[in-house]
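Undergrad:
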Amino acid sequence: EYFLNVQTEITLSCISAEAGASILDVGGGHAQLAAPLVERNYQVTVTGSDESCRLLLDQRLEQGSFTFDVCDMLALPYDNDSFDYVLAFRLLPHVERWQQLLAEMCRVSRRGVIFDYPDIRSSNILYDMLFSFKKKYEKNTRSFKMFNRAEITAALELNNVHPPQFNPQFFLPMVIHRSLKHVTISRYMETFCRVLLLTKFFGSPIIVKSLKK
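Here the sequence shown stands for residues 794 to 1006, where the numbers follow the numbering used here.
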């Protein structure tokens, strides 16, 4: 809940749009952002690769409060500038043709794109060393691609958007917080790291906002 609250707070701060604005959440069947977006009266559309991807959405959201489309994320079935904002969370590190995904997101967005990714300039540099520890506590963990800010910026520059704004979420690896099992301690530790600017320069995952030109 602590992780999701931080993610939601930063994401909502990136959306400078009035109630009723249209939001496309690509691959958002995890329902992490659809619920708070619906609660704020945004028009939410979620995509998935199969009807089964809507299971959590149906459990957590009122029927008719969102739209769900089955489609290919690399060839979104929408016209240019169809949505005010296009989001993608927990997705980029698992997509081989991630540049194409970003291009499609930029194409169908009217105002901008918002997404997250794990940055190599962080504790992720110790990924190989921490993987067994991470797997012990997270059970279903899997490998993923890491990025740096330069390659994210370069990919976005090809798609008629302004330079991205980077919003790191945490300094310490999330597996450490999970092993602590104490939200108050985790919050104090992360606040301390933020004050020291450790999160700003070495935090991860990073939420990226890039506005259309």
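For every residue, glycine included, the Cβ atom is placed at its ideal position computed from N, Cα and C.
Which runs of the alpha helix (DSSP H) spanning at least 4 residues fall entirely within the region 795-822, listed in chain order?
TA: 795-807
Undergrad: Which residue marks the beginning of the alpha helix (DSSP H) containing Val968, and which one marks its end?
TA: For this step, residue 968 is matched to residue 175 along the sequence shown. Run containing Val968: 967-973, per the alpha helix (DSSP H) assignment.
Undergrad: For a test of the three-state rule: what should DSSP assign to Phe937, helix, strand or coil?
TA: If you number the sequence shown from 1, residue 937 lands on position 144. In the structure shown, the three-state DSSP call for Phe937 is coil.
Undergrad: Do Arg903 and Ser858 come within 9 Å of each other at the CB atom, strictly closer than that value?
TA: The residue given as residue 858 occupies position 65 in the sequence shown. The residue given as residue 903 occupies position 110 in the sequence shown. Not in contact: Ser858 and Arg903 (Cβ atoms no closer than 9 Å).
Undergrad: Here's the rule: buried if 16 or more other CB atoms are within 10 angstroms of the residue's CB, otherwise exposed. What is Ala827?
TA: On the sequence shown, residue 827 is found 34 positions in, with the first residue counted as 1. That one is buried.
Undergrad: Sorted by chain position, which residues of the same chain lie with C-beta nearer than 6 Å to Ser815's C-beta, five sequence neighbours on each side aside?
TA: As a first step, residue 815 must be located in the sequence shown, where it is residue number 22. These residues qualify, in order along the chain: Gln836, Phe876, Asp877.
Undergrad: Following the continuous alpha helix (DSSP H) through Arg987, name the residue where it begins and the one where it ends.
TA: Here residue 987 corresponds to residue number 194 of the sequence shown, with the count starting at 1. Per DSSP, Arg987 belongs to the alpha helix (DSSP H) from 976-988.
Undergrad: For Gly996, write down the residues that DSSP places opposite it in a beta bridge.
TA: What you label residue 996 is simply residue 203 of the sequence shown in a count that begins at 1. DSSP, once it has assigned bridges, lists no residue as partnering Gly996.
Undergrad: If I follow the unbroken alpha helix (DSSP H) through Ala828, where does it start and stop?
TA: As a working note, residue 828 is residue 35 in the sequence shown. In this chain, the alpha helix (DSSP H) harbouring Ala828 covers 827-832.
Undergrad: Whole alpha helix (DSSP H) runs in the region 851-909 with 4 or more residues, listed along the chain?
TA: 891-901
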